[in-house]
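Student: If you're matching positions, the sequence shown starts at 1 in the UniProt record's numbering and goes up one per residue. Cβ atoms here follow ideal geometry from the backbone N, Cα and C, with glycine treated the same way. Please read through the structure below; I'll follow up with questions.
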Amino acid sequence: MSYDPKLKFIKNYDWIFWVLNVNMFLLKIRNLKMIWKILIILIILISVLSYTFFVSVISYFLFYWHVIPYMEISQPVYLQYDNNKTWASMDFSSEKRFVNGQFYDIFLELLMPLSDINISIGNFMVKIELFSNTKMLVTSSRSAILKFSSLLLRKLKVLIMFPILLLGMAKEEERLIIPLIEEFKYRKGYETMLKSVNITLSYAVQVYSSKLVFAARLQGIRHIIYYYPISSFVIFISLFWAAELLFIISICLIKVKTLQKLFQRLFYDKKFDFSQSHDSFSKKNIHLSEQKDFLENKDSYLDNSSTLSSYPTCSTNKTLSENSLTTFCEPFSLKDNLNEKHEEISKD
Numbered sequence: 001m002s003y004d005p006k007l008k009f010i011k012n013y014d015w016i017f018w019v020l021n022v023n024m025f026l027l028k029i030r031n032l033k034m035i036w037k038i039l040i041i042l043i044i045l046i047s048v049l050s051y052t053f054f055v056s057v058i059s060y061f062l063f064y065w066h067v068i069p070y071m072e073i074s075q076p077v078y079l080q081y082d083n084n085k086t087w088a089s090m091d092f093s094s095e096k097r098f099v100n101g102q103f104y105d106i107f108l109e110l111l112m113p114l115s116d117i118n119i120s121i122g123n124f125m126v127k128i129e130l131f132s133n134t135k136m137l138v139t140s141s142r143s144a145i146l147k148f149s150s151l152l153l154r155k156l157k158v159l160i161m162f163p164i165l166l167l168g169m170a171k172e173e174e175r176l177i178i179p180l181i182e183e184f185k186y187r188k189g190y191e192t193m194l195k196s197v198n199i200t201l202s203y204a205v206q207v208y209s210s211k212l213v214f215a216a217r218l219q220g221i222r223h224i225i226y227y228y229p230i231s232s233f234v235i236f237i238s239l240f241w242a243a244e245l246l247f248i249i250s251i252c253l254i255k256v257k258t259l260q261k262l263f264q265r266l267f268y269d270k271k272f273d274f275s276q277s278h279d280s281f282s283k284k285n286i287h288l289s290e291q292k293d294f295l296e297n298k299d300s301y302l303d304n305s306s307t308l309s310s311y312p313t314c315s316t317n318k319t320l321s322e323n324s325l326t327t328f329c330e331p332f333s334l335k336d337n338l339n340e341k342h343e344e345i346s347k348d
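Laid out in structure tokens, this is it:
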């Protein structure tokens, strides 16, 4: 087999792979720089987005806490039993949970035993009176009654629930909720703010416990936020988030504009001032050089004409029209006139 000298460099191909590896390594370094730049940008974006999202969540909860009032404000009622009258009086002057302008529904909640007296009373009246510092705000009177159940049905219930009743796990009682006032608007002020409440029962009913409840009636945006929590959470979080991002973008744009203005003031204005000063300096130099040449020419002319005494000269005055030409002559001393001009130029 004959040896081909052209295959000399092809056999020793290790250097080719070395060059290729170096090029690939350089490309990898460039790609890594680009990747690092992209990663840094992504990290900044993710951190900004996460921070703004966290701030928007906190702002939504603060907004919810500020907008949504206490849904229920209750105060225990301690009934007073007189001869033929059952009544109670409560003080609300120190109550701070009310919201100005909010509507409230007022209920009286009675926990009554299923005794023979309460069943025999039947219907009874509940009267409520709301007072401010100076006047009565509102009054209302409503009727109430225990749920009816026949004697046979009550005995069957007792027989069925006899073991539970013996163990004390159940009681023969009924919770009676009596709506008294709807949409009472709370207003702050000396003559309109709620100070006290009086409650009067028409019969001396037997009661385990009782309390007066102010339930907030939500309207408008409060109603949407409270009764549709998931949708309102998504909507308000997105709104807060978008507002924060727009605020950040606007601040960045303002900063870029201010930096551009500062750059222009620092560099372009200085260049402009330098060019103006250079132009003015060059103009002054040209003017001075012209004055110097003029003076040198005049001095040389004076030296050459020192031997002359005086002679008549003729000066012509040409107007803009071509047809008119006037000439006049007057004798004067050339040397004296030149000396005077030379003095005037030196003074200037």
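Per DSSP, what kind of secondary structure is Leu79 in: helix, strand or coil?
Tutor: Here residue 79 is taken as the residue at index 79 of the sequence shown, counted from 1. Three-state DSSP puts Leu79 in coil, outside helix and strand.
Student: Which residues bound the beta strand (DSSP E) around Ile178?
Tutor: Along the sequence shown, one-based indexing puts residue 178 at 178. Under the DSSP assignment, Ile178 falls in the beta strand (DSSP E) whose first and last residues are Glu173 to Lys185.
Student: Near Ala170, which residues of its chain fall below 6 angstroms by C-beta distance, leaving aside the five closest residues on each side in sequence?
Tutor: For the purposes of this step, residue 170 is identified with residue 170 of the sequence shown, where counting begins at 1. So the qualifying residues of the chain are Met161 and Ile164.
Student: From which residue to which residue does the alpha helix (DSSP H) around Asn198 run?
Tutor: Translated into the one-based positions of the sequence shown, residue 198 becomes position 198. No alpha helix (DSSP H) holds Asn198; the beta strand (DSSP E) holding it covers Ser196 to Leu201.
Student: Drop a sphere of 10 angstroms on the beta-carbon of Met112, count the other beta-carbons inside from all chains shown, and report buried for 16 or more, exposed for fewer.
Tutor: Position 112 of the sequence shown holds residue 112. Label assigned to Met112: buried.
Student: Between the alpha carbons of Leu90 and Glu172, how many angstroms are there, rounded?
Tutor: Position 90 of the sequence shown, counted from the start, is the residue given in the question as residue 90. Position 172 of the sequence shown, counted from the start, is the residue given in the question as residue 172. It is worth fixing the name first, because residue 90 is Met in this sequence and not Leu. Rounded to the nearest angstrom, the two C-alpha atoms are 29 angstroms apart.
Student: According to DSSP, simplified to helix, strand and coil, what is Met161?
Tutor: Residue 161 sits at position 161 when you count from the first residue of the sequence shown. Coil at Met161, not helix or strand.
Student: Closest to Leu49 by C-alpha separation, out of Leu146, Ser238 and Ile178, would be which residue?
Tutor: On the sequence shown, residue 49 is found 49 positions in, with the first residue counted as 1. The option with the nearest alpha carbon to Leu49 is Ser238.
Student: Let's see if you can read the secondary structure: which residues bound the alpha helix (DSSP H) around Arg222?
Tutor: Reading the sequence shown from its first residue, position 222 is the one you call residue 222. Its alpha helix (DSSP H) spans residues Ile221 to Tyr227.
Student: With a threshold of 16 other CB atoms inside 10 Å of the CB of Leu137, please say whether the residue is buried or exposed.
Tutor: Numbered from its first residue, the sequence shown carries residue 137 at position 137. The residue is buried, with at least 16 neighbouring Cβ atoms inside 10 Å.
Student: Roughly how many whole angstroms lie between the Cα atoms of Lys127 and Lys211?
Tutor: Position 127 of the sequence shown, counting from 1, holds the residue named residue 127. Position 211 of the sequence shown, counting from 1, holds the residue named residue 211. The alpha-carbon atoms of Lys127 and Lys211 are separated by roughly 14 angstroms.
Student: Measure the CB-CB distance between Tyr208 and Leu218 and report whether it falls below 7 angstroms.
Tutor: Stepping through the sequence shown from its first residue, residue 208 is reached at position 208. Stepping through the sequence shown from its first residue, residue 218 is reached at position 218. No, Cβ-Cβ distance for Tyr208 and Leu218 is not below 7 angstroms.
Student: Grab me the residues of Thr319's own chain with a C-beta within less than 6 angstroms of its C-beta, minus the 5 sequence neighbours each way, in chain order.
Tutor: Position 319 of the sequence shown, counted from the first residue, corresponds to residue 319. Its pLDDT being 40, under 50, Thr319 is placed unreliably by the model, and the measurement read from it follows with that caveat. Taken in chain order, the list of residues that qualify is empty.
Student: Return the CA-CA distance between Thr134 and His66, expressed in angstroms with no decimal places.
Tutor: For the purposes of this step, residue 134 is taken as the residue at position 134 of the sequence shown. For the purposes of this step, residue 66 is taken as the residue at position 66 of the sequence shown. Those two C-alpha atoms are separated by around 31 angstroms.
Student: Helix, strand or coil for Met112, going by three-state DSSP, please let me know.
Tutor: Your numbering for residue 112 matches position 112 in the sequence shown. The answer is strand: DSSP assigns Met112 an E or B state.
Student: Consider the C-beta atom of Lys127 and the heavy atoms of the ligand GDP; say whether any pair is separated by less than 6 angstroms.
Tutor: Inclusion of the ligand GDP in the displayed structure is not the case, the ligand content being empty and no account of it being possible.
Student: In the structure shown, what three-state DSSP assignment does Ser89 receive?
Tutor: For the purposes of this step, residue 89 is taken as the residue at position 89 of the sequence shown. DSSP places Ser89 in the strand class (E or B) of the three-state scheme.
Student: When you compare each of Leu180, Lys195 and Ser140 to Arg187 by their alpha carbons, which one comes out closest?
Tutor: Here residue 187 corresponds to residue number 187 of the sequence shown, with the count starting at 1. Checking every option, the nearest Cα to that of Arg187 belongs to Lys195.
Student: Helix or strand or just coil, what does DSSP make of Ala215?
Tutor: For the purposes of this step, residue 215 is taken as the residue at position 215 of the sequence shown. If DSSP states are grouped into helix, strand and coil, Ala215 belongs with the strands.
Student: Over the uninterrupted beta strand (DSSP E) stretch that includes Leu130, give me the two end residues.
Tutor: Your numbering for residue 130 matches position 130 in the sequence shown. Run containing Leu130: Phe124 to Phe131, per the beta strand (DSSP E) assignment.
Student: Under the three-state reduction of DSSP, which class applies to Tyr51: helix, strand or coil?
Tutor: Here residue 51 refers to the residue found at position 51 of the sequence shown. In the structure shown, Tyr51 sits in a helix (DSSP, three-state: H, G or I).
Student: Let me check one thing: in DSSP terms, what residues is Ile73 bridge-paired to?
Tutor: Start at 1 with the first residue of the sequence shown, and residue 73 comes out as number 73. Answer is Phe214.
Student: Report buried or exposed for Ala216, applying the criterion of at least 16 other Cβ atoms within 10 angstroms of its Cβ.
Tutor: Along the sequence shown, one-based indexing puts residue 216 at 216. Classification for Ala216: buried.
Student: Using a 10 Å radius around the Cβ and a threshold of 16 neighbouring Cβ atoms, would you call Phe54 buried or exposed?
Tutor: Here residue 54 corresponds to residue number 54 of the sequence shown, with the count starting at 1. Result: exposed.
Student: From what residue to what residue does the beta strand (DSSP E) around Leu146 run?
Tutor: Sequence index remark: in the sequence shown, residue 146 carries index 146 (1-based). It is not in any beta strand (DSSP E) - Leu146 carries neither H nor E in the DSSP assignment.
Student: Out of curiosity, what's the CA-to-CA distance linking Leu245 and Leu45?
Tutor: The residue you call residue 245 lines up with position 245 of the sequence shown. The residue you call residue 45 lines up with position 45 of the sequence shown. Computed Cα separation, rounded: 11 angstroms.
Student: Given that a residue counts as buried once 16 or more other Cβ atoms are within 10 Å of its Cβ, and exposed if not, what is Ser324?
Tutor: As a working mapping, residue 324 is identified with position 324 in the sequence shown. Here Ser324 scores only 41 on pLDDT, less than 50, and its place in the model should not be relied on; the value that follows carries that caveat. Exposed, by the Cβ-count rule.
Student: Roughly how far, in whole angstroms, is the beta-carbon of Phe103 from the beta-carbon of Glu183, given that I think they are within contact range, below 8 angstroms?
Tutor: As a working note, residue 103 is residue 103 in the sequence shown. As a working note, residue 183 is residue 183 in the sequence shown. With 8 angstroms as the limit, Phe103 and Glu183 qualify as a contact, their Cβ atoms being about 5 angstroms apart.
Student: Is the separation between the beta-carbon of Glu109 and that of Ile177 shorter than 7 angstroms?
Tutor: Taking the first residue of the sequence shown as position 1, residue 109 is located at position 109. Taking the first residue of the sequence shown as position 1, residue 177 is located at position 177. In this structure, Ile177 lies closer than 7 angstroms to Glu109 by Cβ.
Student: If you draw a straight line from the alpha carbon of Phe148 to that of Arg154, how long is it in whole angstroms?
Tutor: As a first step, residue 148 is located in the sequence shown; it is residue number 148 there, counting from the start. As a first step, residue 154 is located in the sequence shown; it is residue number 154 there, counting from the start. Approximately 10 angstroms between the Cα atoms of the pair.
Student: Which word fits Phe240, buried or exposed, when buried means at least 16 other C-beta atoms lie within 10 angstroms of its C-beta?
Tutor: Mapped onto the sequence shown, residue 240 falls at position 240. With 16 or more Cβ atoms within 10 Å of its Cβ, Phe240 is classed as buried.
Student: Taking the CB atoms as reference points, tell me whether Phe124 and Ser202 lie closer together than 7 angstroms.
Tutor: For this step, residue 124 is matched to residue 124 along the sequence shown. For this step, residue 202 is matched to residue 202 along the sequence shown. Cβ atoms of Phe124 and Ser202: closer than 7 angstroms.
Student: Can you check whether the CB of Phe236 is closer than 7 angstroms to the CB of Tyr60?
Tutor: Sequence index remark: in the sequence shown, residue 60 carries index 60 (1-based). Sequence index remark: in the sequence shown, residue 236 carries index 236 (1-based). Yes, Cβ-Cβ distance for Tyr60 and Phe236 is below 7 angstroms.
Student: Does DSSP put Ile68 in a helix, in a strand, or in coil?
Tutor: Residue numbering aside, residue 68 sits at position 68 when the sequence shown is read from its first letter. DSSP places Ile68 in coil when its eight states are reduced to three.
Student: DSSP three-state call for Val205: helix, strand or coil?
Tutor: As a position in the sequence shown, residue 205 is number 205, starting the count at 1. If DSSP states are grouped into helix, strand and coil, Val205 belongs with coil.
Student: Do Ile68 and Phe214 count as a contact pair if the criterion is CB distance below 7 angstroms?
Tutor: The sequence position of residue 214 within the sequence shown is 214, counting from 1. The sequence position of residue 68 within the sequence shown is 68, counting from 1. Not closer than 7 angstroms, so no.
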